[in-house]
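First up is the structure itself, then whatever we jot down about it.
Laid out in structure tokens, this is it:
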């Protein structure tokens with residue numbers, strides 16, 4: 001097995017947090033082999049305005065100026081078409097919709113997407129991207145739960161795509177065969193991110209194992225197979241968004257009867273070697289560069305030129321053990337695959 | 001709301017452990033209002049012989065002699081028809097099949113029930129009960145996982161019932177609508193236990209919350225509704241088996257990347273008030289005595305006479321907070337519903 005060259009890997013869904021946690025994890029984007037990070041806006045408070053997004057971007061650049069940060073605003077009722085125009089001018093790329101933000105009504109909640117149509121109209125006009133967390137809220141009355149929340153969301157994806165056919169939409173962190181099929185059935189303006197961990201985990205892995213617990217939860221073996229298939233196929237509208245989400249180690253390791261553990265899996269610092277390892281495991285290593293760089297860059301209009309492409313070289317290794325924990329100041333974060341072996345590593349010059 | 005009298009509650013599926021843990025939890029059967037415990041044999045080593053079962057029964061009686069302990073043997077290839085006859089003579093009531101014990105072959109595993117047919121034949125002859133942990137092992141190749149492991153087991157239930165029509169069989173801790181329907185479709189020799197916690201929890205409750213994690217895992221809202229319906233219906237072949245399973249508090253609260261938390265929910269010390277609370281919550285309080293005493297006793301031929309019936313009185317209370325933890329020696333166990341309110345309590349004389 002020989003070396004693999006990947007041009008400028010881009011992670012189109014990552015959580016970089018704030019304060020000390022941001023200081024710890026932001027450099028891990030580069031450590032993991034990536035030079036572009038599409039940064040989630042779910043801070044406290046959330047990033048809802050252009051000026052907040054620019055200030056956050058400046059914070060991240062002050063931590064690691066070598067990475068390109070693309071910003072997305074948190075969709076909320078305060079977001080106006082005017083703010084969209086302002087955001088576009090400032091270079092902000094997208095708007096992220098979380099289910100919680102649209103579930104002010106009791107049942108169904110996401111029906112209220114229609115209240116955002118003027119915003120989406122403005123986004124479509126200026127060619128911004130709508131990032132969808134594609135789950136509807138659990139509801140015992142309708143037998144809606146964390147395992148069918150994504151399939152039940154897909155009607156909303158189709159409605160939005162139909163109402164805004166030229167609006168670029170990304171269904172984030174797809175976990176089900178139903179989601180893969182839904183995105184495939186849409187036109188060229190609809191894409192889909194897939195995380196590293198959902199290519200490996202199934203429901204059995206997070207049952208009683210909080211370090212494998214994330215939202216959306218990993219689904220069934222057949223769903224995982226659908227994610228793998230679409231990557232093997234080299235479908236250009238499916239690309240990496242790691243959803244790498246750091247949490248302090250104790251909030252991952254420990255529950256009390258009244259407080260469960262945090263949802264999130266942290267893959268940033270090992271992301272490119274992990275992707276090579278996983279894609280190799282299911283026969284898709286030849287699709288690595290498309291999946292982790294070209295496909296997403298093309299959809300997001302972040303294509304590389306021969307001048308700005310930054311090659312990252314991976315080489316096969318017998319066994320490279322993943323760190324058990326990353327520390328800085330008083331923060332500690334346990335990565336996915338902690339202590340386990342990867343068979344690829346980045347050649348550092 | 002007035003008092004409720006329940007004659008001699010019987011828990012037809014409970015884990016009482018060994019050593020210090022047994023000393024802590026065995027008295028909780030009585031504390032929870034129960035005078036009969038059908039005791040699981042999955043100790044280390046498992047209870048596979050009559051003499052082991054009798055010794056274990058004596059250990060439990062030495063801890064609390066006021067409870068009647070019914071014993072069941074762990075099904076393994078060592079169990080012979082002769083041992084069945086011996087067990088029957090010694091008053092042992094049943095044989096428990098765990099999926100692991102029958103999954104020596106790689107795929108499907110439980111096909112190998114047929115190797116036990118001579119044992120089942122002997123059990124049928126002497127009228128012992130077969131207790132089934134009704135799940136097949138997870139297998140990614142067949143898309144078998146912890147959420148469909150029970151429905152996929154049900155063909156085995158039907159095969160066993162057909163092969164041994166007069167063998168009394170209990171499908172333990174049913175969690176799905178499919179299981180309820182399968183048991184209903186069987187003849188009078190097939191019954192089903194239901195736990196307290198599966199009447200309350202769904203998959204959303206144990207995702208990231210290890211104190212709600214047990215096997216079989218709680219399923220979907222519609223499955224929970226099926227369990228509640230069959231109790232509301234007062235179906236006499238569905239009765240309580242708590243599957244109360246104590247684990248040391250740290251093994252419930254804490255995961256590491258290589259070690260998940262223990263599966264099991266502990267309900268013994270609050271069981272009768274909890275059952276009243278839960279059945280009241282879904283409109284089945286009038287079925288309480290049938291579900292927690294009469295139905296199971298009838299199936300197990302443990303009917304009460306007017307002489308030996310021991311009435312337990314429940315009274316409604318505004319709020320009775322469940323203990324946050326039970327301690328003894330170096331053992332600590334967190335009960336289900338820890339710190340939460342129950343609206344019924346046992347009248348202690």
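Chains as they are written, first to last, in full-length UniProt numbering: chain P, 1 to 349; chain L, 1 to 349.
Using N, Cα and C, we set each Cβ at its ideal position, and we do this for glycine too.
Everything numeric in this text was worked out from a predicted model, so none of it was measured.
**Request:** Determine the DSSP secondary structure at residue 235 of chain P, reduced to helix, strand or coil.
**Result:** For this step, residue 235 of chain P is matched to residue 235 along the first chain. Looking at residue 235 of chain P - three-state DSSP - the assignment turns out to be coil, as it is neither helix nor strand.
**Message:** DSSP three-state label for residue 254 of chain P, please.
**Reply:** Here residue 254 of chain P refers to the residue found at position 254 of the first chain. Three-state result, residue 254 of chain P: strand.
**Contact set between residue 260 of chain P and chain L, taken where Cβ atoms lie within less than 7 Å** = Counted from its first residue, the first chain places residue 260 of chain P at position 260. Within chain L, the residues near residue 260 of chain P are 208, 209.
**Asked** Under the rule that 16 or more other beta-carbon atoms within 10 Å means buried, what is residue 221 of chain P, buried or exposed?
**Response** Position 221 of the first chain, counting from 1, holds the residue named residue 221 of chain P. So residue 221 of chain P ends up on the buried side.
**Message:** What does the Cβ neighbour count give for residue 101 of chain L, buried or exposed, with the cut at 16 atoms within 10 Å?
**Reply:** Position 101 of the second chain, counting from 1, holds the residue named residue 101 of chain L. Because the pLDDT at residue 101 of chain L is just 38, under 50, the model does not fix this residue reliably, and the value given afterwards should be weighed accordingly. Under this definition residue 101 of chain L is a buried residue.
**Request:** Check each residue of the stretch 144 to 172 of chain P: if its Cβ is closer than 9 Å to any Cβ of chain L, include it; give the result in chain order.
**Result:** Listed by position along the chain: 144, 145, 146, 147, 148.
**Asked** Cβ of residue 72 of chain P within 8 Å of Cβ of residue 30 of chain P?
**Response** Within the first chain, residue 72 of chain P is the residue found at index 72, counting from 1. Within the first chain, residue 30 of chain P is the residue found at index 30, counting from 1. Not in contact: residue 72 of chain P and residue 30 of chain P (Cβ atoms no closer than 8 Å).
**Asked** So, does the CB of residue 178 of chain L fall closer than 8 Å to a CB anywhere in chain P?
**Response** As a first step, residue 178 of chain L is located in the second chain; it is residue number 178 there, counting from the start. No, no contact with chain P.
**Item:** Counted within 10 angstroms of its Cβ, other Cβ atoms place residue 325 of chain P as buried (16 or more) or exposed
**Value:** Translated into positions along the first chain, residue 325 of chain P becomes position 325. Exposed: under 16 other Cβ atoms inside 10 Å.
**Asked** Do you know whose CA, among P:344, P:332, P:323, P:327, lies nearest residue 338 of chain P's CA?
**Response** Taking the first residue of the first chain as position 1, residue 338 of chain P is located at position 338. For residue 338 of chain P, the nearest C-alpha among the options comes from P:323.
**Prompt:** Is the distance from the Cβ of residue 424 of chain L to the Cβ of residue 136 of chain L below 8 Å?
**Reply:** In this structure chain L extends from 1 to 349, so residue 424 of chain L is not present and cannot be described.
**Prompt:** Is the stretch 232 to 247 of chain P close to the stretch 11 to 30 of chain P, with three or more CB pairs under 8 Å?
**Reply:** The way I'd put it, the stretch 232 to 247 of chain P does touch the stretch 11 to 30 of chain P; three or more beta-carbon pairs between them come closer than 8 Å.
**Prompt:** Since residue 52 of chain P is in the alpha helix (DSSP H), which residue starts that stretch and which ends it?
**Reply:** Locating residue 52 of chain P in the first chain gives position 52, where the first residue counts as 1. Here the alpha helix (DSSP H) through residue 52 of chain P covers 50 to 63.
**Asked** Does the distance from the C-beta atom of residue 172 of chain P to that of residue 132 of chain P stay below 8 Å?
**Response** Taking the first residue of the first chain as 1, we reach residue 172 of chain P at position 172. Taking the first residue of the first chain as 1, we reach residue 132 of chain P at position 132. The criterion of a C-beta distance shorter than 8 Å is satisfied by residue 172 of chain P and residue 132 of chain P.
**Message:** Which residue wins for smallest C-alpha separation from residue 190 of chain P, given the options P:207, P:167, P:6?
**Reply:** Taking the first chain and counting its residues from 1, the one referred to as residue 190 of chain P is at position 190. Answer by Cα proximity: P:167.
**Request:** May I ask which residues mark the beginning and end of the alpha helix (DSSP H) holding residue 126 of chain P?
**Result:** For this step, residue 126 of chain P is matched to residue 126 along the first chain. Run containing residue 126 of chain P: 117 to 126, per the alpha helix (DSSP H) assignment.
**Asked** Do the stretch 253 to 271 of chain P and the stretch 243 to 258 of chain L touch if we need at least three Cβ pairs shorter than 8 Å?
**Response** Counting Cβ pairs under 8 Å, three or more are found: they touch.
**Asked** Starting from residue 155 of chain P and walking both ways along the alpha helix (DSSP H), at which residues does that stretch end?
**Response** In the first chain, the residue the question calls residue 155 of chain P occupies position 155. Per DSSP, residue 155 of chain P is one residue of the alpha helix (DSSP H) stretching across 149 to 163.
**Item:** When P:141, P:32, P:95 are compared against residue 39 of chain P, the one with the closest alpha-carbon
**Value:** For the purposes of this step, residue 39 of chain P is identified with residue 39 of the first chain, where counting begins at 1. For residue 39 of chain P, the nearest C-alpha among the options comes from P:95.
**Prompt:** Is the Cβ-Cβ distance between residue 284 of chain P and residue 231 of chain P less than 8 Å?
**Reply:** As a first step, residue 284 of chain P is located in the first chain; it is residue number 284 there, counting from the start. As a first step, residue 231 of chain P is located in the first chain; it is residue number 231 there, counting from the start. For residue 284 of chain P and residue 231 of chain P, yes; Cβs fall inside 8 Å.
**Prompt:** So which residues of chain L does residue 338 of chain P contact, with C-beta pairs closer than 7 Å?
**Reply:** The sequence position of residue 338 of chain P within the first chain is 338, counting from 1. Near residue 338 of chain P (Cβ distances below 7 Å), the residues of chain L are 257.
**Asked** Taking DSSP as the reference, what is the three-state secondary structure of residue 29 of chain L?
**Response** As a working mapping, residue 29 of chain L is identified with position 29 in the second chain. The DSSP-derived three-state label of residue 29 of chain L is helix.
**Request:** Could you have a look at residue 358 of chain L and say whether DSSP puts it in helix, strand or coil?
**Result:** The structure shown does not extend to residue 358 of chain L, since chain L spans only 1 to 349, so no value can be given for it.
**Request:** Please list, in chain order, all residues of the same chain as residue 17 of chain P whose beta carbon is under 7 Å from its beta carbon, the five residues on each side excluded.
**Result:** Counting from 1 along the first chain, the entry for residue 17 of chain P is found at position 17. Answer for residue 17 of chain P: 25, 246, listed in chain order.
**Anticipated Cβ contact below 8 Å, residue 146 of chain L with residue 78 of chain P, distance rounded** = Working through the second chain from its first residue, we reach residue 146 of chain L at position 146. Working through the first chain from its first residue, we reach residue 78 of chain P at position 78. No, residue 146 of chain L and residue 78 of chain P are not in contact; Cβ-Cβ is about 42 Å, not under 8 Å.
**Prompt:** Just by C-beta distance, which residues in the stretch 210 to 231 of chain L are closer than 7 Å to chain P?
**Reply:** Cβ contacts with chain P: 210, 211, 213, 217, 220, 221, 222.
**Beta-carbon gap between residue 309 of chain L and residue 7 of chain L smaller than 8 Å** = Numbered from 1 along the second chain, position 309 holds the residue referred to as residue 309 of chain L. Numbered from 1 along the second chain, position 7 holds the residue referred to as residue 7 of chain L. Contact flag set, yes.
**Message:** Measuring straight from C-alpha to C-alpha, what distance separates residue 55 of chain P and residue 62 of chain P?
**Reply:** Residue mapping note: residue 55 of chain P aligns to position 55 of the first chain, counting from 1. Residue mapping note: residue 62 of chain P aligns to position 62 of the first chain, counting from 1. Each residue's CA atom was taken as its position, placing residue 55 of chain P and residue 62 of chain P some 11 Å apart.
**Message:** At the 8 Å Cβ level, is residue 331 of chain L part of the contact set with chain P, yes or no?
**Reply:** Along the second chain, one-based indexing puts residue 331 of chain L at 331. For residue 331 of chain L, the answer is no, since every Cβ of chain P falls outside 8 Å of its Cβ.
**Beta-carbon proximity list for residue 300 of chain P, same chain, < 6 Å, skipping 5 on both sides** = Translated into the one-based positions of the first chain, residue 300 of chain P becomes position 300. Hits under 6 Å: none found.
**Request:** Take residue 21 of chain L and list the residues in its own chain whose beta-carbon comes closer than 7 Å to its own, dropping the five residues that flank it on each side.
**Result:** In the second chain, the residue the question calls residue 21 of chain L occupies position 21. These residues qualify, in order along the chain: 246, 331.
**Item:** is_contact[residue 203 of chain L, chain P] using C-beta, thresh 8 Å
**Value:** Here residue 203 of chain L corresponds to residue number 203 of the second chain, with the count starting at 1. Cβ-Cβ to chain P under 8 Å: yes for residue 203 of chain L.
**Request:** Within the stretch 157 to 203 of chain P, note down every full alpha helix (DSSP H) run reaching 4 residues or more, in order along the chain.
**Result:** Here the runs fully enclosed are 177 to 185.
**Prompt:** What residues in its chain sit with their C-beta under 6 Å from that of residue 415 of chain P, if we drop five residues either side in the sequence?
**Reply:** Nothing about residue 415 of chain P can be read from this structure; chain P reaches only from 1 to 349.
**Item:** Nonlocal neighbours in the same chain, by C-beta distance under 7 Å from residue 263 of chain L, ignoring five residues either side
**Value:** By 1-based counting over the second chain, the position of residue 263 of chain L is 263. Excluding sequence neighbours, residue 263 of chain L sits near 213, 214, 215.
**Request:** May I have the straight-line CA-CA distance separating residue 281 of chain P from residue 217 of chain P, to the nearest angstrom?
**Result:** As a first step, residue 281 of chain P is located in the first chain; it is residue number 281 there, counting from the start. As a first step, residue 217 of chain P is located in the first chain; it is residue number 217 there, counting from the start. Whole-angstrom Cα-Cα distance: 21 Å.
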